[in-house]
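Notes follow the structure.
There are 2 protein chains.
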Amino acid sequence: MTSSSHSSSSSSATHPLDEALQLTASSSATGQYEGQTHPGYWNMVGPFGGITAATLLQAILQHPDRLGDPLSLTVNYAGALTAGAFTVQATPVRTNRSTQHWTLSILQAGADGAQMVTTTATAVTAVRRETWSVGDVPMPQVPPPAEQKAIVAPLGAVEWLNRYEMRPIAGFIPRTWDGSGDHSLTQLWMRDTPSRPLDFVALSALADVFFPRVWLRRARQVPAGTVSITVYFHATAEQLQATGTGFLLGQARGQEFRNGFFDQTVQLWNEAGTMLATSHQIVYYKE
Amino acid sequence: MTSSSHSSSSSSATHPLDEALQLTASSSATGQYEGQTHPGYWNMVGPFGGITAATLLQAILQHPDRLGDPLSLTVNYAGALTAGAFTVQATPVRTNRSTQHWTLSILQAGADGAQMVTTTATAVTAVRRETWSVGDVPMPQVPPPAEQKAIVAPLGAVEWLNRYEMRPIAGFIPRTWDGSGDHSLTQLWMRDTPSRPLDFVALSALADVFFPRVWLRRARQVPAGTVSITVYFHATAEQLQATGTGFLLGQARGQEFRNGFFDQTVQLWNEAGTMLATSHQIVYYKE
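Chains A and B supply the protein sequences, listed in that same order.
Counting from 1, one number per residue, gives the positions in the first sequence under our numbering.
Counting from 1, one number per residue, gives the positions in the second sequence under our numbering.
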């Protein structure tokens, strides 16, 4: 683990996120990494989508030819990973003066032993320079994290929920599934737990913590799963370091629910009100 | 040209969009297509980004193994195409029961004759079924297209602007570059010109017609170019057919402008108020 701004001085144990993102470079092919799914980030029928996105970003960050910091990442969930070993392939297909374009995939042996693509991705890394800058979506005025109660994942909930501290402000998961929903907007304070200094990989996973918008909009719990997610990184490594172990304000909203798929827009600010990332995803839902 | 819902009965001449999207299947490799840049969609130093997105989608639509209709498309502009021939490679890397995952690239011979990747992309196609559906971002109440004046591209403007009829409602391109900008929201009615029945390829190009948000936000015309765009398709082929040659209401807004890159969110409705697509992009800007 050579990358990330993670300082391990605060704890002698490895953080679960860093355990999950441990990738071993293959000696036979540049950009090929071997990893293992982590039980701590298990979802219903595969890993939490955010940890898969973070794993792909981790491969880029470890790649010896990387130029710059993450700018955009798109991950397509082609098939669920099964528990166990997987291979990440990260290829910088074009390197310009200040941007670099990546194609990635995750491969895993199928039932017949043949390698199957479970995940495809593209990414852009970039050398950022200071320019005129402005935020055009100010952070909503909400109560500070200390005033909001952290939710406790119910018994039998999926395991990855225990890796995040979530302090909902508005639009959290319905208490009753009575079909009464009338909006799809969620706001919550969130961070890794145990706490861990923020970096690009943690940020990419945090962009995917929101429960399916269709559950909120319908107050009905139907099967749902992300098909494709895109994260745009606005923060510099220094801004992530300055955020440290503080909370992020996450805001998620659905725009259109139609014929089995809805989209979700996401904004992530730190407590100081700096927009760190924006994200979008398209999600399958049943019925 | 086997795909698209384009009816050519209204005109004997081929529409410029269909000319631009003409791809010839290679006899040597499935999913490999030869195309030519089209002068009618030329931008400053390469083709209009929307036509490149549409070209990649066209390759998917022509592919003999395609399952379903477009659901999501992400295009990364790694390098400008030069005028002339190019090759599209479209590969369905995983086909599930109702979704199919694609990786794509555009290749062009560089100065030294070697093939260079100019563009990478991923896409998902899906078989859609009717389900519970709802729009959570209603179309803004705006005056109808007939009440808005169409803009005329100024002499010397980039050529692709002449391929679109645009009737701005709010937030159009500043008349004076005096640094007075205070928002990044644009609303306009738009369609292909000459008029052409809407289909998936036309829709994907229309998602990219907005001038750079940084020009509006700053009232300053700095160099800018899309790095990566994602389009989520919400409409069925039937809804596109029903939209016909009508206008789309396009709405675009920047969220964060920081250190050389800003993001843009886009919504596209037809005149009946149906959300046809949502889109996002991350855009380079100078200074």
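Positions of the beta carbon are idealized from the N, C-alpha and C atoms, including for glycine.
- By the neighbour-count definition (other C-beta atoms within 10 Å, threshold 16), residue 228/A is a buried residue.
- Listed along chain A, no residue sits closer than 9 angstroms to residue 225/B by beta-carbon distance, the nearest being about 10 angstroms off.
- Neighbours of residue 173/B in chain A, taken as residues at a C-beta separation under 7 angstroms, are lacking, since the least C-beta distance is about 17 angstroms.
- Contact check for residue 126/A and residue 98/A: beta-carbon distance about 6 angstroms, within the 8 angstroms limit, so the pair qualifies.
- For the set 272/B, 158/B and 62/B, the Cα lying nearest the Cα of residue 239/B is the one of 272/B.
- The beta carbon of residue 184/B sits closer than 7 angstroms to the beta carbons of 213, 216, 217, 253 and 254 from its chain, once the five residues preceding and following it are set aside; these are given in chain order.
- In the DSSP annotation of this structure, residue 148/A is not part of any beta strand (DSSP E), being labelled neither H nor E.
- The count of Cβ pairs closer than 8 angstroms, one atom from the segment 265-284 of chain B and one from the segment 137-155 of chain B, reaches three, so the stretches are in contact.
- Contacts with chain B (Cβ-Cβ distance below 8 angstroms) from the segment 53-78 of chain A involve 71, 72, 74, 76 and 78, listed in chain order.
- Identification of chain A residues near residue 132/B by a Cβ-Cβ cut-off of 8 angstroms yields 218, 257 and 287, ordered along the chain.
- For residue 233/A, the uninterrupted beta strand (DSSP E) segment begins and ends at 224-233.
- Within chain A, the residues 255 and 256 have their CB atoms less than 9 angstroms from the CB of residue 267/B, given in chain order.
- In the structure shown, residue 173/B falls within a coil segment according to DSSP collapsed to helix, strand and coil.
- In this structure residue 152/B is exposed. Its beta-carbon is surrounded by fewer than 16 other beta-carbon atoms within 10 angstroms.
- Residue 194/B is positioned such that its CB atom lies no closer than 8 angstroms to that of residue 285/B.
- Residue nearest to residue 39/A within the set 231/A, 162/A and 241/A is 162/A (criterion: CA-CA distance).
- Taking a cut-off of 8 angstroms for Cβ pairs, the segment 163-170 of chain B and the segment 186-205 of chain B touch, as three or more such pairs fall below it.
- Identification of chain B residues near residue 275/A by a Cβ-Cβ cut-off of 8 angstroms yields 255, 256 and 258, ordered along the chain.
- Ranked by Cα distance from residue 19/A, the first of 201/A, 263/A, 43/A and 103/A is 201/A.
- Counting only the Cα atoms, residue 170/B lies some 12 angstroms from residue 149/B.
- For residue 282/B, the nearest CB of chain A lies under 8 angstroms from its own CB, placing it at the interface with that chain.
- Distance from the Cα of residue 130/A is smallest, within the candidate group 270/B, 260/B, 267/B and 82/B, for 260/B.
- Taken residue by residue, none of the segment 10-26 of chain B has a beta-carbon sitting less than 9 angstroms from a beta-carbon on chain A.
- Nearest to residue 156/B by C-alpha distance, out of 28/B, 37/B and 43/B, is 43/B.
- In terms of Cβ geometry, residue 104/A and residue 115/A do not form a close pair [threshold 8 angstroms].
- Residue 73/A sits away from residue 283/A, with the two beta carbons spaced by 8 angstroms or more.
- Residue 143/A counts as exposed, since fewer than 16 other beta carbons sit within 10 angstroms of its beta carbon.
- Residue pairing by DSSP puts residue 166/B in a beta bridge opposite 190/B.
- The beta carbons of residue 100/A and residue 66/A sit closer together than 8 angstroms.
- Contact fails between the segment 176-183 of chain A and the segment 234-249 of chain A, because fewer than three Cβ pairs, one in each stretch, are under 8 angstroms apart.
- Under the Cβ distance rule, residue 43/B does not count among the residues neighbouring chain A, no pair being separated by less than 8 angstroms.
- For a cut-off of 8 angstroms, the C-beta gap from residue 47/A to residue 57/A is around 14 angstroms, too long to register as a contact.
- Along the length of the segment 39-63 of chain A, whole alpha helix (DSSP H) runs at least 4 residues long occupy 49-62, reported in chain order.
- In terms of Cβ geometry, residue 119/B and residue 75/B form a close pair [threshold 8 angstroms].
- According to the DSSP assignment, residue 215/A belongs to the alpha helix (DSSP H) that extends over 213-218.
- Residue 49/A and residue 83/A have their C-alpha atoms spaced approximately 14 angstroms apart.
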